[in-house]
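Number of protein chains: 2
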Amino acid sequence: MAYQDAFTALGDPTRRHLFEAVAQRPRAVGELAADLPISRPAVSQHLRVLADAGLVVSRAEGTRRIYAARPEGLAELRDWLDRYWTDVLDRFAAEINEGGEDA
Amino acid sequence: MAYQDAFTALGDPTRRHLFEAVAQRPRAVGELAADLPISRPAVSQHLRVLADAGLVVSRAEGTRRIYAARPEGLAELRDWLDRYWTDVLDRFAAEINEGGEDA
DNA sequence: CATCTTGGTAAGCCATACCTTACCGTAAGT
DNA sequence: ACTTACGGTAAGGTATGGCTTACCAAGATG
Chain P
1 MAYQDAFTAL GDPTRRHLFE AVAQRPRAVG ELAADLPISR PAVSQHLRVL ADAGLVVSRA
61 EGTRRIYAAR PEGLAELRDW LDRYWTDVLD RFAAEINEGG EDA
Chain G
1001 MAYQDAFTAL GDPTRRHLFE AVAQRPRAVG ELAADLPISR PAVSQHLRVL ADAGLVVSRA
1061 EGTRRIYAAR PEGLAELRDW LDRYWTDVLD RFAAEINEGG EDA
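Chains as they are written, first to last, in this note's numbering: chain P, 1 to 103; chain G, 1001 to 1103.
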């Protein structure tokens, strides 16, 4: 539920792919699996991780389950990123004044 | 180098911790290792992953190596996030409209 | 009711990601 | 020059995570 889980969930390339797919438009599990080189159960398991992290939600539609991206999940990531974004920029400016280098 | 690598790198909780630490202020490897329950070589390996992903940079200072966060690395994540953020919001609004008018 | 479709769950295999110890190079102090 | 401090690299063990097949439940369709 925390941003930690969202980051961990999106750490996997396949899950990022799935998330991008449902962000474009809501999709059924079978449709998502058809676009990937892995089995449908594998997709189900990935979707479960994304759902636990609060990044997607699902609704039943007949025997099919439609998955969609969840705005609040992205919001947590955005907040985290914005926080460190400003930290890093501030520190970077301070380093330049002192005369730091990189490698 | 792409946002993909940055996301994968930050998918690990220990690396997120390290990144947050160097985002607050640049730190030496030993200092970072002292705050974690893992060995110093393990920290070195994590820092290498973060560096390869473009999220941190290091400079030598005597026998010590000082690691600092790298603004451009965060920028890539921000761009990705902003893109899907707007996608998700647009789609979410569209879903609500369809569901409300149809039924 | 019988059958088909859709998808979640269980069990198990295997690759990889993470951690450890051991070792080496470099810089600084005495 | 010797020793200490600091940290990167190598090699190897282990645990975690992702994939598969097999199975089961629920809804649609005839």
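Beta carbons: idealized from backbone N, C-alpha and C, even for Gly.
Roughly how many whole angstroms lie between the Cα atoms of residue i and residue j?
i: P1041/G; j: D1035/G; result: 14 Å
i: R1065/G; j: T14/P; result: 35 Å
i: E101/P; j: V1057/G; result: Only weak support exists for where E101/P lies, its pLDDT of 41 falling under 50; the value from the coordinates is given anyway. About 9 Å.
i: R27/P; j: G1062/G; result: 56 Å
i: A6/P; j: A1051/G; result: 22 Å
i: A93/P; j: A2/P; result: 30 Å
i: E1020/G; j: Y84/P; result: 7 Å
i: A1008/G; j: A60/P; result: According to the sequence shown, residue 1008/G is Thr rather than Ala. Those two C-alpha atoms are separated by around 31 Å.
i: L89/P; j: D1012/G; result: 23 Å
Apart from the five residues on each side of it in sequence, which residues of its chain come closer than 7 Å, Cβ to Cβ, to residue i?
i: E126/P; result: Given a span of 1 to 103 for chain P in the structure shown, any question on residue 126/P remains unanswerable.
i: R70/P; result: G54, L55, V56 and V57
Of the choices the options, whose alpha-carbon is the least far from that of residue i?
i: R1016/G; options: V1049/G, L1089/G and G1030/G; result: V1049/G
i: T1086/G; options: A93/P, G30/P, L74/P and D87/P; result: L74/P
i: V29/P; options: P37/P, S44/P and T8/P; result: S44/P
i: Q1004/G; options: A1033/G, H1046/G and L1081/G; result: L1081/G
So for residue i, helix, strand or coil by DSSP?
i: R91/P; result: helix
i: R15/P; result: helix
i: A2/P; result: coil
i: A34/P; result: helix
i: A53/P; result: coil
i: S58/P; result: strand
Excluding sequence positions up to five away, which residues of its chain have a Cβ less than 6 Å from the Cβ of residue i?
i: L1010/G; result: R1016
Within the same chain, show all residues whose beta-carbon is closer than 8 Å to that of residue i, passing over the 5 residues directly before and after it, in chain order.
i: L1047/G; result: L1018, V1029, L1032, V1056, S1058 and Y1067
Could you check how far apart the C-beta atoms of residue i and residue j are, in whole angstroms? I think they sit under 8 Å.
i: R91/P; j: R1025/G; result: 6 Å
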